[in-house]
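Final position of the sequence shown in this note's numbering is 145; the numbers increase by one with none missing.
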Amino acid sequence: MMTAADFFNLTQQFQKPYDRLLSCTAESCGVSRIELDVLLFLQNNPGLDTAHDIVRVRGIAKSHVSKAVELLYRRGYLSAETDKADRRIVRLKLLPAAAETVNAGKKAQQTFVREILRGIPEEELQTLRHVLEQINHNVQTMP
Numbered sequence: 003m004m005t006a007a008d009f010f011n012l013t014q015q016f017q018k019p020y021d022r023l024l025s026c027t028a029e030s031c032g033v034s035r036i037e038l039d040v041l042l043f044l045q046n047n048p049g050l051d052t053a054h055d056i057v058r059v060r061g062i063a064k065s066h067v068s069k070a071v072e073l074l075y076r077r078g079y080l081s082a083e084t085d086k087a088d089r090r091i092v093r094l095k096l097l098p099a100a101a102e103t104v105n106a107g108k109k110a111q112q113t114f115v116r117e118i119l120r121g122i123p124e125e126e127l128q129t130l131r132h133v134l135e136q137i138n139h140n141v142q143t144m145p
């Protein structure tokens, strides 16, 4: 049986090469790693479009997200619009100027996934998807 330590060590093993790949991609695009994370979050999570969503889901410090959003806004990569129903909420939207950076980030993510799943038969990938969905459900419903 997998122990908690085994599980956390495994997840850490994913994080290091992913961080290296995304950091290199960010550098080549002329943005910080957190800026790239913000852009990819907005691209990959339709409907989650506030700085608060990024902080909550990604666990990035509020101050870092705020600074990244401000820099991306100044660069013309993001627009920020006040929600019509609740003026306290600011909705972030990717702008065309961000497309090249977002595409490079998506390509890096796809490369990472392709590499870590290399050699695994499709039927086993289906099982993995099912197991990960169940783990996610279990985590979401924990007291």
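Every residue, glycine too, gets a C-beta built ideally from N, C-alpha and C. Computed from a predicted model, the values in this text were never measured in an experiment.
Classification of residue i by the beta-carbon crowding that lies within 10 angstroms, buried from 16 upward
i: I137; result: exposed
i: A7; result: exposed
DSSP-derived helix/strand/coil call for residue i
i: R89; result: coil
i: S65; result: helix
i: T52; result: coil
i: L151; result: One cannot answer for residue 151 here, as it falls past the ends of the chain, which runs 3 to 145.
i: L94; result: strand
i: R120; result: coil
Residue i and residue j closer than 8 Å at C-beta
i: S34; j: A87; result: no
i: E117; j: L74; result: no
i: V57; j: V67; result: yes
i: E83; j: V92; result: yes
i: L50; j: G107; result: no
i: L42; j: V115; result: no
First through last residue of the alpha helix (DSSP H) which encompasses residue i
i: L12; result: 6-31
i: L41; result: 35-46
Where the beta strand (DSSP E) containing residue i begins and where it ends
i: T143; result: Per DSSP, T143 belongs to no beta strand (DSSP E) and is neither H nor E.
Alpha-carbon to alpha-carbon, residue j and residue i
i: C26; j: K95; result: 24 Å
i: L99; j: Y79; result: According to the sequence shown, residue 99 is Ala rather than Leu. Computed Cα separation, rounded: 5 Å.
Proximity test, residue i beta-carbon vs the ligand SAH heavy atom, cut-off 7 Å
i: A99; result: By its list of ligands, the structure shown contains no ligand whatsoever, and the ligand SAH lies outside what it can speak to.
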